[in-house]
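Peer 1: If you number the sequence shown the way my numbering does, the last residue is 471 and the count never jumps.
The beta-carbon is built from N, C-alpha and C at its ideal position, and this holds for glycine as well.
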Amino acid sequence: MKKPALPRVGLPHLLLAVAAVLFLALTFKPAVSGDGVGYFSYLHSVIVDRDLDMSDEYAAARAAHVDVYPPQISTRTKTGMLANLFPVGPALMSAPAYVAALALRPSGAPQVDAPFTTAYTLASLLYGLLALAICYRFARAVTGSSGAALTGAVAAALTTPLLYYLVYQPSYAHTFSAFAVSAFMYLWWSTRGHRSTRAWLLLGLLGGMMALVRWQDGPLAAVALLDLPKERFRVLLLVPGIVLGFLPQLLVDHVIFGSWLPSRPGLDPLHGHYFDVLFSSWHGLFTWTPGVLLGDAALHRRRLSHLVGRILFRHALPGEPDAVLRHWLGRAGRQATAVGLKSRDRRAHRVEPAPDPRHDLRDQGRRQPGLGGAAQGPGGCPELCAAPAAGLRGAGPAPLAASKNGAEFSWRGRGPAPAGRHRHRGLACWRRRLRR
36 MKKPALPRVG LPHLLLAVAA VLFLALTFKP AVSGDGVGYF SYLHSVIVDR DLDMSDEYAA
96 ARAAHVDVYP PQISTRTKTG MLANLFPVGP ALMSAPAYVA ALALRPSGAP QVDAPFTTAY
156 TLASLLYGLL ALAICYRFAR AVTGSSGAAL TGAVAAALTT PLLYYLVYQP SYAHTFSAFA
216 VSAFMYLWWS TRGHRSTRAW LLLGLLGGMM ALVRWQDGPL AAVALLDLPK ERFRVLLLVP
276 GIVLGFLPQL LVDHVIFGSW LPSRPGLDPL HGHYFDVLFS SWHGLFTWTP GVLLGDAALH
336 RRRLSHLVGR ILFRHALPGE PDAVLRHWLG RAGRQATAVG LKSRDRRAHR VEPAPDPRHD
396 LRDQGRRQPG LGGAAQGPGG CPELCAAPAA GLRGAGPAPL AASKNGAEFS WRGRGPAPAG
456 RHRHRGLACW RRRLRR
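Take a look at the structure:
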């Protein structure tokens, strides 16, 4: 049997690699901030302190003047411990890098500084780059063209919010999410029709890992249900892997919160934002990342329309968790969860807090459309098969603060915003500026 020839590396490939290295050297920010504090705190707490008491880690973040919203690090659970409202997946995936940093500084101090933050963010960057490599391999297998695959991978890196999380906010979970989702989708595609029992279990393990990194990615495991007509009951082999992959989060939550899966956002499926998550001018998937539609059109032109249907199914799945949330834009979602935990302990209804305006304004500055637009993806990952995809903002209640220059209008009321109040905020703010 003739072995496949290795891909030839030419001058354009070398120039692209050099340009990528120079770009990362000039733009990469190896710092932990915001939501990253929650993910990063698990590492020192478990590996160094050997417990899940985050009080030392949160105190170190405050002492280092890290940008983090106070309710994220001050919520007490019924066990008396400080809550960590973020998944443990990114910490588990970056643990080898953190252990390597401990070899350089065994004391583990300073906690929120080099070399520990550098090790964590470099691990995040590595997983993001591996996700792009998987996307390239996937696209090449589907299209049969290395040029189209390379174009798709570069487009996924440069025209989606993945770039923002690769270089500016690597402490967030999106690069880890991109890797987990890309690996799941590629394994599902490459083993279709001849999937062994071991492959089914591994696919389930990756499905559990997706939810372990970002809960919004968990529903993507339902892609495997497309094999139900042929595989029948063998699809159930996913379940043991999913349970095993998600088990660390169950154990962590039980220790910290004293219950299983305590952190649940408020859902409203009957009044969901099913259209907004795809077509809204405010962080809609297709409007903020038109490359998704271009990629789908290219696949259709190549007579791969059967794959387009699968991709559209993939678009719908991550949008579903965001669509059924009362506030789908994602601002202050974790803070509302924190208050919800307190309310649940008091057996009261959840109360959504009004966020700190100063925090909101800082947050708006970070999320302006630069470096990939700063819109948060549902899987934080590029679309596979040469079609780049970003996604929508994260899940959770999203009251917004108004900036003084009129860049945004606010809705601070309890419950959903009135129809049209924030759906076309971009057009409204331009009208306001023109009137001035």
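Within 10 angstroms of its Cβ, does T232 collect 16 or more other Cβ (buried), or is it exposed?
Peer 2: That one is exposed.
Peer 1: Where do the N-terminal and C-terminal ends of the alpha helix (DSSP H) with V312 fall, by residue?
Peer 2: V312 -> alpha helix (DSSP H) spans 311-314.
Peer 1: First and last residue of the alpha helix (DSSP H) that includes H318?
Peer 2: Looking at the DSSP string, H318 is not in any alpha helix (DSSP H), and its letter there is neither H nor E.
Peer 1: Let's see if you can read the secondary structure: which residues bound the alpha helix (DSSP H) around W223?
Peer 2: Residues 209-225.
Peer 1: Relative to the C-alpha of Q146, which candidate in A55, I277, Y77, G276 has its C-alpha closest?
Peer 2: Measuring from the Cα of Q146, the nearest candidate turns out to be Y77.
Peer 1: In whole angstroms, what is the alpha-carbon distance linking V67 and P125?
Peer 2: Each residue's Cα considered, the two are about 13 Å apart.
Peer 1: Is it the case that the stretch 235-251 contacts the stretch 273-288, given that we only count it when at least three CB pairs across the two stretches are under 8 Å?
Peer 2: Touching, yes, given that three or more Cβ pairs across the two stretches are closer than 8 Å.
Peer 1: I need the straight-line Cα distance from L137 to H289, nearest angstrom please.
Peer 2: Approximately 28 Å between the Cα atoms of the pair.
Peer 1: Of the residues Y221, Q284, W295, L120, which one's Cα is nearest the Cα of C170?
Peer 2: With distances taken between Cα atoms, C170 lies closest to Y221.
Peer 1: Assuming S129 contacts A158 (C-beta within less than 8 Å), just tell me the rounded distance between them.
Peer 2: Yes, S129 and A158 are in contact; Cβ-Cβ is about 4 Å, under 8 Å.
Peer 1: DSSP state of R111, grouped into three classes?
Peer 2: It is a strand residue.
Peer 1: Which residue marks the beginning of the alpha helix (DSSP H) containing M244, and which one marks its end?
Peer 2: Start and end: 232-248.
Peer 1: Check for me: the alpha helix (DSSP H) holding V287 runs from which residue to which?
Peer 2: Note, V287: alpha helix (DSSP H), 273-292.
Peer 1: Under 8 Å between the Cβ atoms of F151 and Y133?
Peer 2: Yes. Within cutoff.
Peer 1: Nearest to Y155 by CA position, among R175, S180, V177, L127, is which residue?
Peer 2: The residue with the shortest Cα to Cα distance from Y155 is L127.
Peer 1: According to DSSP, what are the bridge partners of L117?
Peer 2: DSSP lists R111 as partners of L117.
Peer 1: Could you tell me whether the Cβ atoms of F314 and T324 are closer together than 8 Å?
Peer 2: Not closer than 8 Å, so no.
Peer 1: Considering only the beta carbon of each residue, do A96 and I82 sit closer than 8 Å?
Peer 2: It is not a contact, given that the beta carbons lie outside the stated cut-off.
Peer 1: For F219, count neighbouring C-beta atoms within 10 Å of its own C-beta (all shown protein chains included) and say buried if the count is 16 or more, exposed if not.
Peer 2: Buried, because 16 or more other Cβ atoms sit within 10 Å of the Cβ of F219.
Peer 1: Compare the Cα-Cα distances from G293 to each of T226, H48, L57, M116 and report the closest residue.
Peer 2: Here the closest residue by C-alpha is M116.
Peer 1: Taking the alpha helix (DSSP H) that F58 falls in, what are its first and last residues?
Peer 2: F58 -> alpha helix (DSSP H) spans 46-62.
Peer 1: Look at V103 and V123 and say whether their C-beta atoms are less than 8 Å apart.
Peer 2: Not closer than 8 Å, so no.
Peer 1: Here's the rule: buried if 16 or more other CB atoms are within 10 angstroms of the residue's CB, otherwise exposed. What is H79?
Peer 2: Classification for H79: buried.
Peer 1: Residues in the same chain with beta-carbon distance under 8 Å from A234, minus the five sequence neighbours each way, listed in chain order, please.
Peer 2: Excluding positions up to five away in sequence, the list reads L222, T226.
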